[in-house]
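Student: Below you'll find the structure I mean.
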Amino acid sequence: MIKTDVLVIGAGPVGLFAVHQLGIIGLKAEVVDNLDKIGGQCIELYPDKPIYDIPGMPECTGESLTKNLLEQIKPFKTNFHLNERVQEISKEKEDWKITTSKNKIFFAKNIIIAGGVGSFEPRKFSLKNIEKFESHSVFYSVRDKNYFKDKKVCIFGGGDSALDWAIELSKISEVILVHRRNEFRGVEHSVQTVKQLEKEGKLKIKTPYQINSIEGDKKIDEITLKNEDGKIEKIQTDYVLGFYGLIMKLGPIAEWGLNLQKKTIPVNTENFQTNKKGIFAIGDICTYPGKLKLILSGFHEGALAARECFRISKPNETYKFEYTTTSKSVQERLGVKKSD
Amino acid sequence: MPKITYIEHNGKLHQIEVPNGLTVMEGAVQNNIPGIDADCGGSCACATCHVYVDEKWFDKLPKKENAEEDMLDMASEPNKFSRLSCQITVEDNLDGLVVKMPLKQG
């Protein structure tokens with residue numbers, strides 16, 4: 000059990016800057032994110048794409064912005080709980096009790112949801128009967144490659160994950176790599192390796208094909224592929240792996256009794272509180288009249304939410320507005336105060 | 000103003016006037032047409048604004064750039080008429096454009 004002032008959901012730029020705004024006013028935060036790394040959409044969707052509208056930074060990338068924000072919150076020694084999704088929240092006396100997908104429990108007076116468009120999850124095949132195969136024969140990631148040893152594996156996708164696993168599994172399994180077009184978008188070296196392995200007969204490539212159906216009951220009997228002209232082909236395989244990247248799903252947030260408008264959470268623009276006291280929403284996931292889905296708007300939203308968190312966390316103290324340029328207490332928290 | 004026809008997967012038709020300069024995605028989102036999610040907000044980074052362009056119209060659109068073709072790999076059930084609607088900018092010559100939405104966006 001971890002007790003903190005604020006639990007921040009989402010380690011994207013907006014969540015990170017909220018940690019900063021909480022930190023300078025003396026509040027402790029813990030951050031939970033379903034991705035395996037810090038940075039949210041900035042890192043997962045566009046790490047190398049340039050961003051031109053962060054104030055004071057004529058140009059940066061998702062990666063450099065994340066790095067700088069992490070540097071900025073370093074003094075607060077924040078704990079990050081990655082690969083973890085917040086599943087449930089409930090009210091326990093004055094605190095929110097928060098339970099994650101790894102059964103970690105937090106108690107906090109405040110929750111700041113900086114969850115973007117939701118948590119990142121693997122994109123799945125859109126076949127109707129796919130669910131009955133998903134726990135044992137159809138996968139979207141590889142936990143233990145030996146599971147596939149000496150088996151037939153059909154891998155779908157054209158990016159680096161698909162290519163890397165085709166290369167790796169071709170050493171121990173019978174691999175067929177299926178992609179919807181002839182070009183692969185993975186790194187050139189992997190594309191060449193896959194083509195070389197095909198020449199050597201160590202794996203098979205089938206393009207331009209897509210999955211059409213999976214037949215079988217408990218396990219896969221066979222699958223069918225379809226090409227652009229609708230031609231159907233049967234393939235014998237034991238397992239199917241799909242690597243179509245990640246998609247954002249609102250997930251359990253929808254079950255917490257918060258008002259929702261489509262996939263966003265309406266907030267009060269004075270403090271970015273939702274319809275529940277002590278639960279805030281900032282960044283892309285919040286909505287209000289005039290809302291802009293910009294990183295800079297999220298920074299502002301976090302700054303205001305942090306002040307309300309203070310009032311809720313420390314009801315007996317008076318919040319005092321201070322500047323980082325002049326406040327000794329803020330500078331102490333930042334570890335930059337020069338000794339007199 | 001160019002008129003764009005959006006057809007939901009269940010066949011429901013929406014005819015909307017979309018101002019020049021907006022994307023086909025924005026035309027849908029601003030008019031609350033279901034079936035186009037546009038999670039990333041139009042930065043060609045998520046493939047959740049996937050549409051099937053009507054056969055007659057497909058070749059009249061400006062060609063896909065590589066980034067769009069790459070993202071279409073992630074789309075749900077793409078075919079040869081697939082486009083990301085955030086990458087199609089509405090102009091006078093697209094008056095009458097017809098796009099169909101897939102069963103789901105991911």
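Heads up: the sequence lines are chains R and F, in that order.
Numbering-wise (numbering that gives the first Met the number 0), the first sequence opens with residue 0 and increments by one.
Numbering-wise (numbering that gives the first Met the number 0), the second sequence opens with residue 0 and increments by one.
Beta carbons are placed, not taken as given, at the ideal position from N, Cα and C, and that holds for glycine.
(1) Chain F partners of V116 (chain R), CB-CB under 7 Å?
(2) Please check if any C-beta of chain R sits within less than 9 Å of the C-beta of N107 (chain F).
(3) Which of the three DSSP states, helix, strand or coil, is assigned to E58 (chain R)?
(4) Could you tell me which chain F residues have their CB closer than 9 Å to the CB of S125 (chain R), listed as they occur along the chain?
(5) Taking contact to mean at least 3 C-beta pairs separated by less than 8 Å, is the segment 279-286 of chain R in contact with the segment 73-86 of chain F?
(6) Taking Cβ-Cβ distances shorter than 8 Å, what residues in chain R pair up with T22 (chain F)?
(7) Along the chain, which unbroken stretches of the beta strand (DSSP E) at least 3 residues long are found entirely within the segment 127-167 of chain R?
(8) Pull up the distance between the alpha-carbon of V329 (chain R) and that of V18 (chain R), whole angstroms please.
(9) Tell me whether F119 (chain R) sits in a helix, a strand or coil according to DSSP, three-state version.
(10) L60 (chain F) and I32 (chain F): beta carbons closer than 9 Å?
(11) Excluding five sequence neighbours on each side, which residues of the same chain lie with their C-beta closer than 8 Å to the C-beta of T323 (chain R)?
(12) Are L176 (chain R) and I204 (chain R) touching if we call contact CB-CB under 9 Å?
(13) What is the DSSP secondary structure of C41 (chain R), reduced to helix, strand or coil?
(14) At the level of alpha carbons, what is the spacing between P49 (chain R) and K262 (chain R)?
(15) For a contact meaning CB atoms closer than 7 Å, what does R332 (chain R) contact in chain F?
(16) If you draw a straight line from the alpha carbon of F132 (chain R) to that of G256 (chain R), how long is it in whole angstroms?
(17) May I have the straight-line CA-CA distance separating A10 (chain R) from S134 (chain R), to the nearest angstrom?
(18) Would the beta-carbon of L26 (chain R) fall within 9 Å of that of A305 (chain R)?
(19) Would you list the residues sitting across from T88 (chain F) in a DSSP beta bridge?
(20) So, helix, strand or coil for C308 (chain R), using DSSP?
(21) Keeping to the same chain, check which residues put their C-beta closer than 8 Å to that of L69 (chain R); ignore five residues upstream and five downstream.
(22) Would you kindly report the start and end of the unbroken alpha helix (DSSP H) that includes L333 (chain R)?
(23) Just to confirm, are N109 (chain R) and I222 (chain R) a CB contact at a threshold of 9 Å?
(24) Alpha carbon to alpha carbon, how far is V50 (chain F) from S81 (chain F)? Give it in angstroms, no decimals.
(25) Return the first residue and the last residue of the beta strand (DSSP E) that S81 (chain F) is part of.
(26) Does the distance from the CB of L6 (chain R) to the CB of W95 (chain R) come in under 9 Å?
(27) So what's P77 (chain F) in DSSP terms, helix, strand or just coil?
(28) Below 9 Å between beta carbons: does that hold for Y243 (chain R) and F155 (chain R)?
(29) Identify, in the order they occur along the chain, each residue of the same chain with its Cβ nearer than 8 Å to the Cβ of K90 (chain R), setting aside the five sequence neighbours on each side.
(30) Let me see if you follow: with CB-CB separation under 9 Å, is G350 (chain R) close to chain F or not?
(31) So what's K99 (chain F) in DSSP terms, helix, strand or just coil?
(32) Would you verify that the beta carbon of D163 (chain R) is, or is not, closer than 9 Å to some beta carbon of chain F?
(33) Using a C-beta to C-beta distance shorter than 7 Å, which residues of chain F count as neighbours of L44 (chain R)?
(34) Residues in the segment 213-247 of chain R with C-beta within 7 Å of chain F's C-beta atoms, listed in sequence order?
Tutor: Reading it off the structure:
(1) Here residue 116 (chain R) corresponds to residue number 117 of the first sequence, with the count starting at 1. Correct list: D38.
(2) Only positions 0 to 105 of chain F appear in the structure, and residue 107 (chain F) is not among them; the question remains open.
(3) Position 59 of the first sequence, counted from the first residue, corresponds to residue 58 (chain R). E58 (chain R) falls in the coil class under three-state DSSP.
(4) If you number the first sequence from 1, residue 125 (chain R) lands on position 126. Per Cβ cutoff of 9 Å: S75, E76, P101, L102, K103, G105.
(5) Counting Cβ pairs under 8 Å, fewer than three are found: no touch.
(6) In the second sequence, counting from the first residue as 1, residue 22 (chain F) sits at position 23. Within 8 Å Cβ-Cβ: nothing; T22 (chain F) doesn't reach chain R, min ~15 Å.
(7) Runs of beta strand (DSSP E) with 3 or more residues, each lying fully within the segment 127-167 of chain R, are found at 151-155, listed in chain order.
(8) Counted from its first residue, the first sequence places residue 329 (chain R) at position 330. Counted from its first residue, the first sequence places residue 18 (chain R) at position 19. So the alpha carbons of these two residues sit roughly 14 Å apart.
(9) Translated into positions along the first sequence, residue 119 (chain R) becomes position 120. F119 (chain R): strand per DSSP, three-state reduction.
(10) By 1-based counting over the second sequence, the position of residue 60 (chain F) is 61. By 1-based counting over the second sequence, the position of residue 32 (chain F) is 33. No.
(11) Within the first sequence, the letter at position 324 stands for residue 323 (chain R). Here the set comprises I23, V329, Q330, L333.
(12) Counted from its first residue, the first sequence places residue 176 (chain R) at position 177. Counted from its first residue, the first sequence places residue 204 (chain R) at position 205. Yes; because the gap between Cβ atoms is below 9 Å, this pair is in contact.
(13) As a working note, residue 41 (chain R) is residue 42 in the first sequence. Here DSSP, grouped into helix, strand and coil, assigns C41 (chain R) to helix.
(14) Counted from its first residue, the first sequence places residue 49 (chain R) at position 50. Counted from its first residue, the first sequence places residue 262 (chain R) at position 263. P49 (chain R) and K262 (chain R): Cα-Cα distance of roughly 27 Å.
(15) Here residue 332 (chain R) corresponds to residue number 333 of the first sequence, with the count starting at 1. The contacting residues do not exist; R332 (chain R) stays about 34 Å from chain F at best.
(16) As a first step, residue 132 (chain R) is located in the first sequence; it is residue number 133 there, counting from the start. As a first step, residue 256 (chain R) is located in the first sequence; it is residue number 257 there, counting from the start. So the two alpha carbons sit approximately 32 Å from each other.
(17) Counted from its first residue, the first sequence places residue 10 (chain R) at position 11. Counted from its first residue, the first sequence places residue 134 (chain R) at position 135. Cα-Cα distance, rounded: 29 Å.
(18) As a working note, residue 26 (chain R) is residue 27 in the first sequence. As a working note, residue 305 (chain R) is residue 306 in the first sequence. In contact: L26 (chain R) and A305 (chain R) (Cβ atoms closer than 9 Å).
(19) Working through the second sequence from its first residue, we reach residue 88 (chain F) at position 89. In the DSSP output, where bridge partners are listed per residue, T88 (chain F) has F:T22.
(20) Reading the first sequence from its first residue, position 309 is the one you call residue 308 (chain R). C308 (chain R) falls in the helix class under three-state DSSP.
(21) Within the first sequence, the letter at position 70 stands for residue 69 (chain R). If we look at L69 (chain R) and ignore the five residues flanking it on each side, its Cβ neighbours are L15, I37.
(22) Position 334 of the first sequence, counting from 1, holds the residue named residue 333 (chain R). Where L333 (chain R) is concerned, the enclosing alpha helix (DSSP H) stretches over 327-333.
(23) One-based indexing of the first sequence puts residue 109 (chain R) at position 110. One-based indexing of the first sequence puts residue 222 (chain R) at position 223. In this structure, I222 (chain R) does not lie closer than 9 Å to N109 (chain R) by Cβ.
(24) Within the second sequence, the letter at position 82 stands for residue 81 (chain F). Within the second sequence, the letter at position 51 stands for residue 50 (chain F). Roughly 6 Å separates the two Cα atoms.
(25) By one-based count along the second sequence, residue 81 (chain F) stands at place 82. Segment 81-83, the beta strand (DSSP E) holding S81 (chain F).
(26) Taking the first sequence and counting its residues from 1, the one referred to as residue 6 (chain R) is at position 7. Taking the first sequence and counting its residues from 1, the one referred to as residue 95 (chain R) is at position 96. Yes, these two residues count as a Cβ contact at 9 Å.
(27) The residue given as residue 77 (chain F) occupies position 78 in the second sequence. Reduced to three states, the DSSP call for P77 (chain F) is coil.
(28) Counting from 1 along the first sequence, the entry for residue 243 (chain R) is found at position 244. Counting from 1 along the first sequence, the entry for residue 155 (chain R) is found at position 156. Cβ distance < 9 Å, so Y243 (chain R) and F155 (chain R) count as in contact.
(29) On the first sequence, residue 90 (chain R) is found 91 positions in, with the first residue counted as 1. In chain order, K96 place their CB closer than 8 Å to the CB of K90 (chain R), counting only its own chain and leaving out the 5 sequence neighbours on each side.
(30) For residue 350 (chain R) there is no data in the structure shown, the boundaries of chain R being 0 and 339.
(31) As a working mapping, residue 99 (chain F) is identified with position 100 in the second sequence. Strand.
(32) One-based indexing of the first sequence puts residue 163 (chain R) at position 164. Not one chain F Cβ lies under 9 Å of D163 (chain R).
(33) Translated into the one-based positions of the first sequence, residue 44 (chain R) becomes position 45. Ordered by position in chain F, the residues that pass the 7 Å Cβ test against L44 (chain R) are C39, A44, C45.
(34) Residues of the segment 213-247 of chain R whose Cβ lies closer than 7 Å to any Cβ of chain F, in chain order: E227, Y243, G244, I246, M247.
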